[in-house]
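Student: To convert, count from 1 in the sequence shown and add 1094; that's the working numbering.
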Amino acid sequence: MSTSFDTSSRRTTALRLIVLGAVTLVVLAAVAFGGNYLWQLRFGPTPASTADCELAQQLFDRAITAPTDPAEAEEWEQGLRRIRYAEFVNEGISTEVGRFIYWSRVKATGEGERPTPAEVTEMRRNAEGHCAGSGVELTIPELAF
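Next up, the structure:
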């Protein structure tokens, strides 16, 4: 009889541990999902206005034709930077446009640090995230090195 009691007790204990483990996994998954959601609200791309997103599109389009001469490219980049600093309200989209302008200059002149494909992908994702609710769908030109 003591053998059947031990087996029954072990099964009950094992079942309780399995249920406790499953409940723990569900709670941890819910906490992780909620934490990620709050993180994205706090630290994700900030919403940009329609005007900012339209300006971003114009600058992306202009940035693809960087001069090949280093001195001209520097002047060209400074001119676009002045526009960014004077007209953008949302600093997040301005930063992503600035990254694209710099990389376009690097591609045209061959001078400077080339971005990794992951950095270009991140810039695109961030820029699109800033403009997600603006009604403007960004079309960012390809920037392959």
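Just so you know, even glycine gets a beta-carbon here, dropped at the ideal spot from N, CA and C.
Treat the numbers as computed from the prediction; the structure is a model and nothing was measured.
For residue 1199, which residues of its own chain have a beta-carbon under 6 Å away from its beta-carbon, when the five flanking residues on both sides are left out?
Tutor: For the purposes of this step, residue 1199 is identified with residue 105 of the sequence shown, where counting begins at 1. Excluding sequence neighbours, residue 1199 sits near 1160, 1167 and 1171.
Student: Could you tell me the distance, in whole angstroms, from the CA atom of residue 1105 to the CA atom of residue 1112?
Tutor: As a working mapping, residue 1105 is identified with position 11 in the sequence shown. As a working mapping, residue 1112 is identified with position 18 in the sequence shown. Near 10 Å, if we compare the C-alpha coordinates of residue 1112 and residue 1105.
Student: Are the beta-carbon atoms of residue 1217 and residue 1239 separated by less than 8 Å?
Tutor: Your numbering for residue 1217 matches position 123 in the sequence shown. Your numbering for residue 1239 matches position 145 in the sequence shown. Not closer than 8 Å, so no.
Student: Can you tell me whether residue 1123 is buried or exposed? The criterion is at least 16 other CB atoms within 10 Å of its CB, across all chains shown.
Tutor: For the purposes of this step, residue 1123 is identified with residue 29 of the sequence shown, where counting begins at 1. Its Cβ having fewer than 16 others within 10 Å, residue 1123 is exposed.
Student: Smallest Cα separation from residue 1224: which of 1188, 1127, 1178 and 1207?
Tutor: Numbered from 1 along the sequence shown, position 130 holds the residue referred to as residue 1224. Measuring from the Cα of residue 1224, the nearest candidate turns out to be 1188.
Student: Quick one: is residue 1174 buried, meaning 16 or more other Cβ sit within 10 Å of its Cβ, or exposed?
Tutor: As a first step, residue 1174 must be located in the sequence shown, where it is residue number 80. Classification for residue 1174: buried.
Student: Does the Cβ-Cβ distance between residue 1121 and residue 1146 come in under 8 Å?
Tutor: On the sequence shown, residue 1121 is found 27 positions in, with the first residue counted as 1. On the sequence shown, residue 1146 is found 52 positions in, with the first residue counted as 1. Cβ atoms of residue 1121 and residue 1146: not closer than 8 Å.
Student: Would residue 1191 pass as a contact of residue 1153 if the rule is Cβ separation under 8 Å?
Tutor: Position 97 of the sequence shown holds residue 1191. Position 59 of the sequence shown holds residue 1153. Contact: yes.
Student: Report the rounded CA-to-CA distance for residue 1178 versus residue 1129, giving the unit in angstroms.
Tutor: Within the sequence shown, the letter at position 84 stands for residue 1178. Within the sequence shown, the letter at position 35 stands for residue 1129. Looking at the two C-alpha atoms, the distance is approximately 34 Å.
Student: Alpha carbon to alpha carbon, how far is residue 1126 from residue 1118? Give it in angstroms, no decimals.
Tutor: Counting from 1 along the sequence shown, the entry for residue 1118 is found at position 24. Counting from 1 along the sequence shown, the entry for residue 1126 is found at position 32. So the alpha carbons of these two residues sit roughly 12 Å apart.
Student: Quick one: using the 10 Å Cβ neighbour count with 16 as the cut-off for buried, is residue 1209 buried or exposed?
Tutor: On the sequence shown, residue 1209 is found 115 positions in, with the first residue counted as 1. Buried, since its Cβ has 16 or more Cβ neighbours within 10 Å.
Student: On a CA-only basis, which of 1207, 1203, 1148 and 1164 is nearest residue 1222? Give me that one, please.
Tutor: In the sequence shown, the residue the question calls residue 1222 occupies position 128. It is 1148 whose Cα lies nearest to the Cα of residue 1222.
Student: So what's residue 1147 in DSSP terms, helix, strand or just coil?
Tutor: As a position in the sequence shown, residue 1147 is number 53, starting the count at 1. Of the three classes helix, strand and coil, the one that applies to residue 1147 here is helix, per DSSP.
Student: Taking residue 1220 and residue 1139 to be in contact with their CB atoms under 8 Å, please state how far apart those CB atoms are, rounded to whole angstroms.
Tutor: Within the sequence shown, numbered from 1, the residue matching residue 1220 stands at position 126. Within the sequence shown, numbered from 1, the residue matching residue 1139 stands at position 45. Their Cβ separation, rounded to whole angstroms, is 5 Å, which keeps residue 1220 and residue 1139 in contact under 8 Å.
Student: For the putative contact between residue 1232 and residue 1150, defined by C-beta atoms under 8 Å, what is the C-beta separation to the nearest angstrom?
Tutor: One-based indexing of the sequence shown puts residue 1232 at position 138. One-based indexing of the sequence shown puts residue 1150 at position 56. 6 Å between Cβ atoms; contact.
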